[in-house]
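Have a look at the structure below before the remarks.
There are 2 protein chains.
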Amino acid sequence: MARAGGAGERLTLAAAELADEIGFDRLTVSAVARRLGVKDPSLYAHIENARELKARVALLALEELADRAAAALAGRAGRDALVAFADAYRGYAKQHPGRYAASRYELDPQTAAASAGPRHSEMTRAILRGYDLPEPDQTDAVRFLGGAFHGFVSLELSGSFRHTPREADASWAWVLDTLDFALRKHPARTA
Amino acid sequence: MARAGGAGERLTLAAAELADEIGFDRLTVSAVARRLGVKDPSLYAHIENARELKARVALLALEELADRAAAALAGRAGRDALVAFADAYRGYAKQHPGRYAASRYELDPQTAAASAGPRHSEMTRAILRGYDLPEPDQTDAVRFLGGAFHGFVSLELSGSFRHTPREADASWAWVLDTLDFALRKHPARTA
DNA sequence: ATGATTTGCCTAATTATATTAGGACGGATT
DNA sequence: AATCCGTCCTAATATAATTAGGCAAATCAT
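Chains A and B are the protein sequences, given in the same order.
Once you know that position 164 of the first sequence is 164 in full-length UniProt numbering, the rest is easy, because the numbers rise by one and skip nothing.
Once you know that position 91 of the second sequence is 91 in full-length UniProt numbering, the rest is easy, because the numbers rise by one and skip nothing.
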């Protein structure tokens, strides 16, 4: 449905920008129409419904995020790869909070499978190659890393860290250091 | 505003149950009114607006979660405490997905400060007593654990793990084991 | 060129939700 | 009995989602 370069793309872009400005949860068809200077119903020539609008932003975010992560990973391995990947992730979330939130929007299975979502776990697996983990530990580690990155970024974005003086950057470095250590030294369990 | 045992409580309960059933993001004043068998405007005698309705559910969730976590922590220390706490957290999320989502709802600073939110970080700090971490590592570790727990649960709930056969329970156990190891063996950096 | 098609919009209208204003009603209080 | 208070209601407005049906400029095919 989304033809590259077409009006559908402009629509998605406008929605993504809007999401970054007002928050993904407040993204509405009306608001996007307003921003584009057209009437609400006009958008239905390009999207099925509000859900698709959100899904489009989600897909865009997943791709952009995957692209950045891939670039960060290029030529790196081990700890370097881990840090670069994680930083790309966190950097994107801070720069595009609305899009980042969108990337967690629940897509229907088919759409999700065709999205850049799988690339994310593949890249995480690629990072783990530098840590020599046997299956199923590797799968557990993929989930661990994905959860740790997302959880930290999510808490930081929601302001959970503002109550304590400690710099989020410093904690982030500590976390990455700890993750690297854990993956490097933790004995495989293969349970 | 919320008087214990009053109608306000029933309202909050109804909203929480509804959130668990249809998802926190779909919680509306209308839906709650419908469930209570009253007209929409009637609810405004009890709440300020839709935002307060959500905030009420968030506060309830934070309290219930803190209570469970506290119970899980009672009499435990070290690894046992870590696992019990984490399981309480994950168990609540699976049992009450709507409430759990509500617990991440952004409250205004004052409300957040008066909520059970602080208890959560205090309890996490309590767990870390068993790991002998100096500040500011302890603060970093609190953020690490909070993020890791939330991130994993969040990904699991959103179905991110369904694509891979590996049991979520097994990965969870691996994660907790790894966290315990990292906190126990990781040299303090105090950076 | 030119009629057919496509594309992108629009107006009108419906439904659901959020919210305000103002009033009715029963029980509790003085 | 006069007054409050808590709870609910009807009426009304604004915003958002969405459908139906129509208009015009751009594009294509012949």
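C-beta atoms are modelled at their ideal positions from N, C-alpha and C, and glycine is treated no differently.
Quick caveat, the model's predicted, so the values are computed rather than measured.
Distances from the CA of G159 of chain A to each of B:L43, B:E106, B:Y131 were compared; the closest alpha carbon is that of B:E106. Scanning its chain for C-beta atoms nearer than 6 Å, with the 5 sequence neighbours on each side dropped, one finds around A61 of chain B the residues R99, A102, S103, in chain order. In chain order, T12, A15, A16, A19, F24, L27, G98, R99, A102, Y105 place their CB closer than 8 Å to the CB of V57 of chain A, counting only its own chain and leaving out the 5 sequence neighbours on each side. In the three-state DSSP reduction, D40 of chain A falls in the helix class (H, G or I). Where T124 of chain A is concerned, the enclosing alpha helix (DSSP H) starts and stops at 117–128. By the neighbour-count criterion, in which a residue is buried when 16 or more other Cβ atoms sit within 10 angstroms of its Cβ, Y44 of chain A is exposed. Among the residues facing chain A, A148 of chain B is included, as its CB has a counterpart in that chain under 8 Å away. Secondary structure note for Y100 of chain B: its alpha helix (DSSP H) is the uninterrupted segment 97–102. For the 8 Å CB-CB criterion, F85 of chain B and I127 of chain B form a contact.
A straight-line Cα-Cα distance of about 11 Å links A33 of chain A and L53 of chain A. Not one beta carbon of chain B lies nearer than 8 Å to the beta carbon of E64 of chain A. At least 8 Å separates the CB of T124 of chain A from every CB of chain B.
The straight-line gap separating the alpha-carbon atoms of V29 of chain B and G117 of chain B is approximately 25 Å. Rounded to whole angstroms, the gap between the alpha carbons of N49 of chain B and S121 of chain B is 29 Å. Annotated three-state conformation of H186 of chain B is coil, per DSSP. Three or more Cβ pairs closer than 8 Å define a contact, and the segment 165–177 of chain B falls short of that threshold against the segment 152–169 of chain A. The C-beta of D80 of chain A comes no closer than 8 Å to any C-beta of chain B.
Around T139 of chain A, the beta-carbon contacts reaching into chain B at under 8 Å are T164, R166, S171. Taking a Cβ-Cβ cut-off of 7 Å, the neighbours of T178 of chain A in chain B comprise F144, A182, H186, given in sequence order. Inclusion of T178 of chain B and H186 of chain A in the CB contact set at 8 Å is warranted, their separation being smaller than that value. For H163 of chain A, no alpha helix (DSSP H) encloses it, and the DSSP letter there is neither H nor E. Straight through space, the alpha carbons of V83 of chain B and P41 of chain A are spaced by roughly 52 Å. Within 8 Å of the CB of S158 of chain B, the CB atoms of chain A belong to R104, E106, in sequence order along the chain. Closest in alpha carbon position to L183 of chain A, among A:P134, A:L157, A:F161, is A:P134. Residue state for G78 of chain B is assigned as helix, using DSSP reduced to three classes.
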